[in-house]
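If you read the sequences in order, they're chains A and B. If you're matching positions, the first sequence starts at 0 in numbering that gives the first Met the number 0 and goes up one per residue. If you're matching positions, the second sequence starts at 0 in numbering that gives the first Met the number 0 and goes up one per residue. One structure is given here, and the rest of the page talks about it.
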Amino acid sequence: MIKDEKDYITVWGIFDTISKEVRNSISKCAESGKTLGIGVYSDECCDTKLFTHPDKPLEHRMQIAQGLSGVTFVFPVDSLNDYENEKAAEIAYREYLNHKESLDKSKKYKVGFVIGSFDVLHPGHIENINLSSEICEVLYAVVKTDERVFDRKNKYPIQNTTERAANLRALKNVDGVLFYDLDSTRVDIIRSVISQFKREHPTETIEEKDLVAIFGDDLKEKEEERKRNGDWGEVNIEFTPRPEEKMKVMSSSVYQALIRQRGGIARYESEERKHLVINGYGIPNQGSSDGEREL
Amino acid sequence: MKKKVDFCIGIFDNLTDEGLVKIKNDIKNCEIYGIGVYTDKIVIEDFFTYPINNLEKRMEIAKSIDGVRFVFPLDTNKPEELKEIIRKETIKIMEQNNLKNILS
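Right, here's the structure in full:
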């Protein structure tokens, strides 16, 4: 049942096996633009009121629901009664707002930005972006264009500018993507960030001192020197941890080397598909007719 | 006094003992018991999960419960429409039951 409240919409369901149709149904709910909350039926409710036992326990199903695109908050429901579920939704919504408010208050800066190539997005990038989003209310990802990367490293990134930007836009904690062109300077980046923010928040004021540039701490020495030299003007700089041990297994160079070994991204994507067939996900490979296992 | 007709509605994709116990208790307290089974479309669109078993199989599961006299598909989760379907199915089974009594 979908209930259309003032500030939010709620939906309640089982969320055990998620198919494309289920995802599309949720996306349609989220299209209204209102905050979308999901009530997940408890195991007991499924057993004794819907006469079906979910494969996954409630906690797992709540995680699945939380991960669906467009979903803002999730709560358990024990009843098929709309009135009781609406009460639970109201409580969950208030909790979500309180949590959001406390998060926003703890955010030190109005606007932050991270800069990088983000070539073949990996967990290290995502961790850095998530940590960065905790200290600023709005986070932009400034992605280096193909030309800029080639100019500095004498090789093109594996994924082109458009692909890398699209990956970043899909991340929950990235509010916008800007480009770091071949001949752009740090001053240009600062201007772009301010200009983008003003376009999106026309009633708010912003100055350089409201901004923070966030880097991995492997760049601390270099960026602190730039700050001392005045390259960052009044923009603040902060650093996220990038321990050396983690960098050995979770960095762009590691993943890129792996992909180049396998013959590039197109070959990598084709091997991913084969792997899915071998594991019985039913995606047909080019040789067989109906997705049978490949030996 | 026993109810003449009683029923429950659900998904019946994977029935457990807890669900079965409830149904068995309800069956004891009525003369004729029926089950409404939600179609695949309703399970996906209204309960946001993909049923492992299709409608036919799920109706078989419901029908296989000892004491269940009739099973019918439900292609809606709207209360008024549900009431109407259940009303029609109940009338149908009562008529069949009356006819059976007459013939015997």
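Built from N, CA and C at the ideal position, the CB exists for glycine as well.
Inset, instruction - Could you tell me the distance, in whole angstroms, from the CA atom of B/T38 to the CA atom of A/E58? - result: Cα to Cα, B/T38 sits roughly 26 Å from A/E58.
Legend entry - Proximity test, Cβ basis, 8 Å: A/L17 and chain B: According to the sequence as given, residue 17 of chain A is Ile; it is not Leu. At least one beta carbon of chain B lies nearer than 8 Å to the beta carbon of A/I17.
Inset, instruction - Compute the distance between the beta-carbons of A/E207 and A/I189, then report whether it is under 8 Å. - result: The answer is yes: Cβ separation under 8 Å.
Legend entry - Those residues which DSSP pairs with A/V141 across a bridge: A/V141 pairs with A/I114, A/L177.
Legend entry - Beta-carbon proximity check, A/Y139 vs A/L181, cutoff 8 Å: Remark: C-beta atoms of A/Y139 and A/L181 do not approach each other more closely than 8 Å.
Inset, instruction - Starting from the C-beta of A/N127, find all residues in its chain whose C-beta is less than 7 Å away, skip the five residues before and the five after it, and write them out in chain order. - result: Closer than 7 Å at the Cβ level, and outside the excluded window around A/N127, lie V113, G215, T239.
Inset, instruction - Determine which residues of the segment 46-76 of chain A have a Cβ less than 7 Å from any Cβ of chain B, and write them out in chain order. - result: Cβ contacts with chain B: D46, T47, L49, F50, T51, H52.
Inset, instruction - Could you name the residues of chain B that A/S24 contacts, counting a contact when the two beta carbons are closer than 8 Å? - result: Residues of chain B passing the Cβ test: I43, E44, F47.
Inset, instruction - Would you give the residue range spanned by the beta strand (DSSP E) that A/T239 belongs to? - result: A/T239 -> beta strand (DSSP E) spans 235-239.
Inset, instruction - Just grab the DSSP bridge partners of A/K48 for me. - result: According to DSSP, which records beta bridges pairwise, A/K48 is partnered with nothing at all.
Inset, instruction - Could you tell me if A/E43 is buried or exposed, where buried requires 16 or more neighbouring beta carbons within 10 angstroms of its beta carbon? - result: Counting C-beta atoms within 10 angstroms of its own C-beta, A/E43 has fewer than 16 neighbours from the protein chains shown and is therefore classed as exposed.
Legend entry - Positions along the segment 2-27 of chain B whose CB lies within less than 9 Å of some CB in chain A: Contact annotation: in the segment 2-27 of chain B, residues whose CB is within less than 9 Å of a CB in chain A are C7, I8, G9, I10, F11, D12, N13, L14, T15, D16, E17, G18, L19, V20, K21, I22.
Inset, instruction - At 3 residues or longer, and completely inside the segment 14-98 of chain B: list those beta strand (DSSP E) runs for me, N to C. - result: Here the runs fully enclosed are 29-37, 67-73.
Inset, instruction - Mind listing the chain B neighbours of A/E85? Cutoff is C-beta to C-beta under 8 Å, in chain order. - result: One finds nothing in chain B with a Cβ atom closer than 8 Å to the Cβ of A/E85; even the nearest lies about 15 Å away.
Legend entry - Proximity below 8 Å, CB of A/L210 to CB of A/V110: A contact, by the Cβ cut-off of 8 Å.
Legend entry - Proximity below 8 Å, CB of B/V36 to CB of B/R57: Closer than 8 Å, so yes.
Inset, instruction - Drop a sphere of 10 angstroms on the beta-carbon of A/R168, count the other beta-carbons inside from all chains shown, and report buried for 16 or more, exposed for fewer. - result: Under this definition A/R168 is an exposed residue.
Inset, instruction - Would you verify that the beta carbon of B/I51 is, or is not, closer than 8 Å to some beta carbon of chain A? - result: For B/I51, the answer is yes, since a Cβ of chain A falls inside 8 Å of its Cβ.
Legend entry - Below-8 Å beta-carbon distance, A/F14 vs any chain B residue: For A/F14, the answer is yes, since a Cβ of chain B falls inside 8 Å of its Cβ.
Inset, instruction - Would you verify that the beta carbon of A/E206 is, or is not, closer than 8 Å to some beta carbon of chain B? - result: Interface criterion not met: the Cβ of A/E206 is under 8 Å from no Cβ in chain B.
Inset, instruction - Over the uninterrupted alpha helix (DSSP H) stretch that includes A/F196, give me the two end residues. - result: Going by DSSP, A/F196 is part of the alpha helix (DSSP H) stretching over 185-199.
Inset, instruction - Measure how close the beta-carbons of A/A212 and A/V234 come, nearest whole angstrom, since I'm counting them as under 8 Å. - result: The Cβ separation is near 6 Å, so the contact holds.
Legend entry - Runs of beta strand (DSSP E) wholly within the segment 38-98 of chain A (minimum 3 residues, chain order): Annotation note: the segment 38-98 of chain A contains the following uninterrupted beta strand (DSSP E) runs of length 3 or greater, listed N- to C-terminal: 72-76.
Legend entry - Residue range of the alpha helix (DSSP H) that includes A/A212: Unbroken run through A/A212 is the beta strand (DSSP E), 210-215; no alpha helix (DSSP H).
Inset, instruction - Compare the C-alpha of A/P156 against each of A/G36, A/Y254, A/T51 and name the closest. - result: Considering only alpha carbons, the answer is A/Y254.
Legend entry - Short CB-CB distance (under 8 Å) between A/V192 and chain B: It does not; no Cβ of chain B falls within 8 Å.
Legend entry - Terminal residues of the beta strand (DSSP E) in which B/G9 lies: From DSSP, the beta strand (DSSP E) with B/G9 extends over 2-9.
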